[in-house]
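Comments concern the structure below.
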Amino acid sequence: MPDTQALVNDFLNKLKKRKIEGSQATAKQTAELLRSVISQTRMPYTNQAAALIHSVKAVGERLIAANPVELAVGNVVRRVLHIVREEDLSLTTAAMAGLNLSAESDDEDDTDRDNHPALSAAAIAAASRSTLRPPSLQTLLEDVPDSAAVPHTSSSGGDSEGKSKSADKSSRSRKLKHDVIEAVNELIQDISTCHELIAEQAVEHIHQNEVILTLGSSRTVLEFLCAAKEKKRSFRVFVAEGAPRYQGHLLAKELVTRGLQTTLITDSAVFAMISRVNMVIVGAHAVMANGGVIAPVGLNMVALAAQKHAVPFVVLAGSHKLCPLYPHHPEVLLNELRSPSELLDFGEFSDCLDFGSGIGAPLLHVVNPTFDYVPPKLVSLFITDTGGHNPSYMYRLIADYYSADDLVLERRTTSGN
Amino acid sequence: MDPRRTARTVSGPKVRQVGFFTPAPPERSISDPPRFQDPIQPPSPSPTQVNDHSPSGNSLSPVMIPPAHHHSDNFLRTALQVTSPTKAFSYSAKTVTIPPENEDVASSFSPGRKVFSAKSPSSFPGVKASSVPASELTTVSVVNLPPGISEKAGGASVEVQNDRPVSAKTLKEKTSKAERRALQEAQRAAKAAAKAEGTKASSAASKVVTSANTKPSKAAKSSSQKNDGSQVAASEKKGGDRAPEKDRKKDAPHPRMQYDDKSRVEKAKKRAVVKQTEARNRVELFRHLPQYEHGTQLPDLETKFFELDPMHPAVYKVGLQYLSGDIRGGNARCIAMFQAFKEAIKDYSTPPEKTLIRDLAARISSYVSFLIECRPLSISMGNAIKFLKNRIAKLPLALSESEAKSTLMLDIDRFINEKIILSEKVIVKHAVTKIQDGDVLLTYGASSVVEMILLHAHELGKHFHVVVVDSRPKLEGQLLLRRLVRKGLSCTHTHVNAVSCIMQDVTRVFLGASSVLSNGTVYSRVGTACVAMVAHAFRVPVLVCCEAYKFHERVQLDSICFNELGNPDAISKVQGREEINYLDGLVNQENLQLLNLIYDATPSDYVSMIITDYGMIPPTSVPVIVREYRRDHLWS
Chain G
30 MPDTQALVND FLNKLKKRKI EGSQATAKQT AELLRSVISQ TRMPYTNQAA
80 ALIHSVKAVG ERLIAANPVE LAVGNVVRRV LHIVREEDLS LTTAAMAGLN
130 LSAESDDEDD TDRDNHPALS AAAIAAASRS TLRPPSLQTL LEDVPDSAAV
180 PHTSSSGGDS EGKSKSADKS SRSRKLKHDV IEAVNELIQD ISTCHELIAE
230 QAVEHIHQNE VILTLGSSRT VLEFLCAAKE KKRSFRVFVA EGAPRYQGHL
280 LAKELVTRGL QTTLITDSAV FAMISRVNMV IVGAHAVMAN GGVIAPVGLN
330 MVALAAQKHA VPFVVLAGSH KLCPLYPHHP EVLLNELRSP SELLDFGEFS
380 DCLDFGSGIG APLLHVVNPT FDYVPPKLVS LFITDTGGHN PSYMYRLIAD
430 YYSADDLVLE RRTTSGN
Chain W
320 MDPRRTARTV SGPKVRQVGF FTPAPPERSI SDPPRFQDPI QPPSPSPTQV
370 NDHSPSGNSL SPVMIPPAHH HSDNFLRTAL QVTSPTKAFS YSAKTVTIPP
420 ENEDVASSFS PGRKVFSAKS PSSFPGVKAS SVPASELTTV SVVNLPPGIS
470 EKAGGASVEV QNDRPVSAKT LKEKTSKAER RALQEAQRAA KAAAKAEGTK
520 ASSAASKVVT SANTKPSKAA KSSSQKNDGS QVAASEKKGG DRAPEKDRKK
570 DAPHPRMQYD DKSRVEKAKK RAVVKQTEAR NRVELFRHLP QYEHGTQLPD
620 LETKFFELDP MHPAVYKVGL QYLSGDIRGG NARCIAMFQA FKEAIKDYST
670 PPEKTLIRDL AARISSYVSF LIECRPLSIS MGNAIKFLKN RIAKLPLALS
720 ESEAKSTLML DIDRFINEKI ILSEKVIVKH AVTKIQDGDV LLTYGASSVV
770 EMILLHAHEL GKHFHVVVVD SRPKLEGQLL LRRLVRKGLS CTHTHVNAVS
820 CIMQDVTRVF LGASSVLSNG TVYSRVGTAC VAMVAHAFRV PVLVCCEAYK
870 FHERVQLDSI CFNELGNPDA ISKVQGREEI NYLDGLVNQE NLQLLNLIYD
920 ATPSDYVSMI ITDYGMIPPT SVPVIVREYR RDHLWS
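Residue numbers (the working numbering), protein chains in the order written: chain G, 30 to 446; chain W, 320 to 955.
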């Protein structure tokens with residue numbers, strides 16, 4: 030599959046050179062790439078899910094390695110893996126149900142959710158469910174003994190069941206791939222529409238004459254505010270410019286052209302102004318499993334100021350930004366340092382930036398990080414495309430989107446590098 | 320130089336006319352003029368030692384009258400004087416060449432002269448004596464006298480008398496600080512003594528005059544008070560009474576101008592020298608603060624230069640420098656203002672039928688309002704002006720114009736030296752003890768005191784790393800960074816947004832302040848609060864360095880009720896980043912407001928310690944300092 034290879038390489042290059050801006054674009058492109066990878070994967074007769082997972086993982090690892098800081102890539106790869114597993118499972122359970130208990134409720138099998146009447150296919154269904162999700166209270170109550178076997182079935186779940194039923198292989202092989210691609214399409218759809226879904230909730234959070242503060246620019250925030258404006262809310266927005274990229278200017282421009290009362294302030298004035306602000310609404314780069322936020326630089330400061338003045342700090346994040354990892358020392362490990370030229374004029378300080386002291390160390394260092402880490406205790410609310418959530422609920426939300434097995438993905442790639 | 324000085328020395332007597340109202344002079348003046356007129360004129364212009372003393376002598380004269388000693392001296396000296404007329408005349412020839420000022424001086428001279436001549440004999444002849452190789456005794460007295468004169472009341476400019484008499488230094492005002500300090504000390508001592516001793520003082524003083532070197536000042540002082548007799552004493556008392564009243568009133572700081580009060584704004588506009596156009600899109604929240612177009616005043620002011628005649632050129636210059644941002648930083652602005660005021664006072668002469676105290680105070684007020692139009696005052700400047708006005712108000716009525724002026728100028732010098740320069744040094748001394756090897760110090764913006772601290776610590780050989788945090792739009796941190804790196808300090812530079820990324824490595828935060836308010840709030844460059852807050856969140860101690868003269872009794876909880884707004888256009892354009900031009904066409908949109916705050920208020924919770932010239936104090940002790948300071952120094 031030379032063409033996918035070329036596509037992958039192209040995308041890798043873009044990621045490495047940081048050509049793709051914004052986690053939404055990255056996520057969408059990653060999903061599209063993975064879709065083409067899946068469609069190009071030659072399906073073996075047995076163990077198809079494993080084959081798909083393998084090929085997706087192979088590409089995913091490289092993508093993640095290309096830009097480990099762009100967590101959206103890893104998120105999408107995991108989502109796709111999760112989709113593969115889930116589709117495979119639903120096919121399996123459907124087949125099982127069809128084989129064993131056609132008399133039993135077929136239609137309910139299709140929905141295959143937590144309300145499954147676990148009578149006849151209880152063992153398989155419960156096992157399969159627990160492979161996909163971390164144990165919830167319900168599954169724990171349903172069958173305690175089976176959960177011990179979960180890891181085993183999960184790792185080889187596809188192949189054991191694939192072996193067991195070779196009868197309708199051909200139809201299933203096509204069906205699996207088809208279903209997976211369908212689901213990935215849905216994912217892409219989700220990613221591209223998450224703005225609207227989030228923006229729909231705007232009126233529920235913004236009241237008349239509200240004063241809102243935001244920093245930098247985020248498309249989600251822009252659409253959120255504009256959605257509220259379109260619903261005839263009148264409110265004012267303070268936009269902190271967000272050095273060193275000054276995206277706030279861009280946001281201010283967009284807001285002004287849409288008729289919102291906008292005041293542009295410097296980042297340093299955030300603390301001064303926050304006492305007159307009703308709500309801080311910001312975008313995020315990624316949301317970690319503990320509810321912490323990787324956000325554009327400066328937001329930690331804003332969050333602290335908001336906390337000091339008891340101003341709600343609301344983070345808007347599409348579901349593709351939910352990352353199943355727990356942050357460790359995120360200020361350094363999940364950060365990226367940009368060029369000092371954004372802060373200092375090279376021409377002016379070139380003599381200081383080189384090895385001027387004679388000891389061998391430059392006298393002048395310039396730190397220009399891209400991201401900030403906002404700990405969960407500073408966040409009041411997450412608004413995602415599925416609604417508003419507490420930071421403490423994030424891990425649960427994440428469990429809905431990712432399979433526990435895929436969390437390892439990144440560790441292997443990072444250790445490989 | 321010399322001509323000017325002489326002119327001024329001559330103009331001195333004018334004041335005397337007003338200020339000196341003992342009944343005695345007329346008779347003397349009648350009797351004396353014929354004798355003294357000639358000798359008087361010559362000495363004043365001549366630059367050499369002889370007449371150098373004369374101006375001082377002039378100034379001193381009223382002081383010296385009463386003691387019997389002097390009268391006896393007078394005779395002696397008058398006698399001596401007679402010996403020197405030829406010399407004197409030769410100098411008088413020079414006076415003729417003296418610039419125009421001389422003329423009006425001359426015109427106003429005659430009346431003043433009479434008075435002057437009446438008193439002058441005592442000191443004046445003394446001067447002569449020095450020129451003439453007379454008895455040793457007399458010369459000694461001459462040497463002694465001048466310093467006292469200069470301290471006390473000085474005829475013309477302080478510098479003249481200060482330097483010349485002692486060693487004929489041509490560079491005025493360049494006298495060593497130590498010398499001036501000594502003078503100031505003497506002066507203060509004299510004042511204290513005068514107050515304490517009361518009536519006794521005069522006799523003691525008269526004795527003193529002849530003896531020690533530093534004491535003359537005291538003598539002069541006390542004698543002057545005595546000299547003016549009951550009236551002066553009364554006026555002094557009145558002044559004394561007045562002061563506490565005022566102080567009490569001042570306990571509650573009077574409200575500031577609120578710019579959302581339309582009628583008052585209109586009134587203020589009528590008075591304004593500078594016509595300012597209001598900013599297009601004023602920020603709603605800050606209606607109570609002046610929001611004017613920036614950059615419009617400058618050309619306007621330039622064209623008005625010749626129309627604004629009440630404005631002294633030095634004040635005018637400083638105003639323009641504020642406006643253009645050439646002078647910034649609390650201390651620099653304060654010093655520049657005071658230097659300008661000093662110039663203005665030096666060139667000041669009381670218009671006829673006005674009292675110096677009232678007129679000068681009014682004059683200073685007009686200067687101040689001009690400066691406010693150029694740029695709103697900083698709190699430190701407000702304090703400094705309060706100090707100066709207080710000094711003016713408390714000038715003894717008996718002082719001659721020249722004396723009053725020189726007193727004021729000395730006061731100004733003293734303020735600059737003690738309250739700013741010395742206290743900076745003290746702060747540095749304190750703060751350096753808080754820097755250890757291996758420290759990572761973070762500072763924000765560019766504070767002159769913090770810079771001095773860092774440099775001093777570096778000179779002491781301490782090994783530490785400095786993080787300079789900067790923010791738009793002024794980017795003052797870059798200037799500081801530049802200076803520090805030049806001096807060989809190892810630095811890290813970052814912007815204010817990234818401060819939380821770097822804070823975990825920092826061991827101490829040093830911040831400057833524009834003012835410390837009495838509830839412990841630190842009023843400082845915008846962004847300081849952010850840095851302090853992040854430091855607090857990371858449990859890093861925050862040390863605020865601030866001179867005690869910047870403390871203010873006002874309280875403030877947020878940064879909105881009082882603040883200063885900078886040029887909004889500085890926000891829309893990012894210096895050095897032309898690609899960021901999203902707002903280019905939009906600045907006139909009425910939806911868009913650009914807010915350029917200059918200051919913010921850091922709550923006292925974030926401040927671990929305030930380093931001031933009184934030592935290192937917690938923010939809760941600020942009101943104590945404010946109170947003590949006001950009682951002890953500023954308003955005494």
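All residues carry an ideal CB built from backbone N, CA and C; glycine is no exception.
Same chain only: Cβ atoms within 8 Å of residue i, ignoring 5 sequence neighbours per side
i: residue 108/G; result: 60, 216, 349, 430 and 431
i: residue 823/W; result: 857
i: residue 882/W; result: 605, 608, 916, 917, 918 and 919
i: residue 213/G; result: 60, 63, 64, 67, 109 and 112
Residue span of the beta strand (DSSP E) that contains residue i, given as start and end
i: residue 394/G; result: 393-395
i: residue 935/W; result: 934-936
i: residue 835/W; result: 834-836
Run of the alpha helix (DSSP H) containing residue i, from where it starts to where it stops
i: residue 853/W; result: 847-856
i: residue 658/W; result: 649-665
i: residue 638/W; result: 632-643
i: residue 400/G; result: Element bounds for residue 400/G: not the alpha helix (DSSP H) but the beta strand (DSSP E), 400-403.
i: residue 888/W; result: 888-891
Same chain only: Cβ atoms within 7 Å of residue i, ignoring 5 sequence neighbours per side
i: residue 666/W; result: 631
i: residue 938/W; result: 839, 923, 926 and 929
i: residue 373/G; result: 395
i: residue 948/W; result: 867 and 870
i: residue 48/G; result: none
i: residue 289/G; result: 254, 258 and 266
Chain-ordered neighbours of residue i on chain W, where CB pairs are closer than 7 Å
i: residue 405/G; result: Ordered by position in chain W, no residue passes the 7 Å Cβ test against residue 405/G, which lies about 15 Å from the chain.
i: residue 273/G; result: 814
i: residue 282/G; result: 901, 902 and 905
i: residue 278/G; result: 899, 901 and 902
Contacts around residue i, its chain only, beta-carbon distance under 6 Å, and the 5 residues preceding and following it disregarded
i: residue 462/W; result: Note on residue 462/W: pLDDT 39, under 50, position unreliable in the model; the coordinate value appears next. No residues qualify anywhere along the chain.
i: residue 587/W; result: none
Residues that residue i contacts on chain G, provided the C-beta gap is smaller than 9 Å
i: residue 878/W; result: 298, 300, 301, 302 and 304
i: residue 914/W; result: 267, 292, 293, 294, 295, 298 and 302
i: residue 911/W; result: 281, 282, 284, 285, 290, 291, 292 and 293
i: residue 859/W; result: Result: empty, since nearest Cβ-Cβ is about 13 Å, beyond 9 Å.
Contacts of residue i in chain G (Cβ-Cβ under 8 Å)
i: residue 919/W; result: 297, 298, 300 and 301
i: residue 791/W; result: 270, 272, 295, 296 and 297
i: residue 852/W; result: 300, 330, 333, 334 and 337
Under 7 Å from the C-beta of residue i: neighbouring residues of chain G
i: residue 819/W; result: 329, 330 and 401
i: residue 604/W; result: 305
Beta-carbon neighbours of residue i, restricted to chain W and to distances below 8 Å
i: residue 395/G; result: 811, 812 and 813
i: residue 326/G; result: 816, 817 and 820
Partners in chain W for residue i, counting only beta-carbon separations shorter than 9 Å
i: residue 374/G; result: 797 and 895
- Item | Ordered list of beta strand (DSSP E) runs contained in the segment 729-810 of chain W, each at least 3 residues | 758-763 and 783-789
- Does the segment 345-359 of chain G come close enough to the segment 308-328 of chain G to have 3 or more Cβ pairs within less than 8 Å? yes
- Touch test, the segment 255-265 of chain G against the segment 319-331 of chain G, Cβ-Cβ under 8 Å, three pairs minimum: no
- Query: Just checking, does the segment 636-655 of chain W make contact with the segment 763-772 of chain W on the three C-beta pairs under 8 Å criterion?
  - Reply: yes
- Task: Any chance you could list the alpha helix (DSSP H) runs of at least 4 consecutive residues sitting entirely within the segment 689-727 of chain W, in chain order?
- Result: 698-712
- Query: Pairing CB atoms from the segment 807-822 of chain W with CB atoms from the segment 741-756 of chain W, are three or more of them under 8 Å?
  - Reply: no
- Counting only runs of 4+ residues fully inside the segment 53-134 of chain G, write out the alpha helix (DSSP H) ranges in chain order. 77-95 and 100-129
- Check whether the segment 88-101 of chain G touches the segment 33-49 of chain G, counting contact only when three or more Cβ pairs, one atom from each stretch, lie closer than 8 Å. yes
- Task: Mind the definition here: the segment 357-375 of chain G touches the segment 273-286 of chain G only if three or more C-beta pairs lie below 8 Å; say whether that holds.
- Result: yes
- Query: Between the segment 752-759 of chain W and the segment 841-857 of chain W, do at least 3 Cβ pairs fall closer than 8 Å?
  - Reply: no
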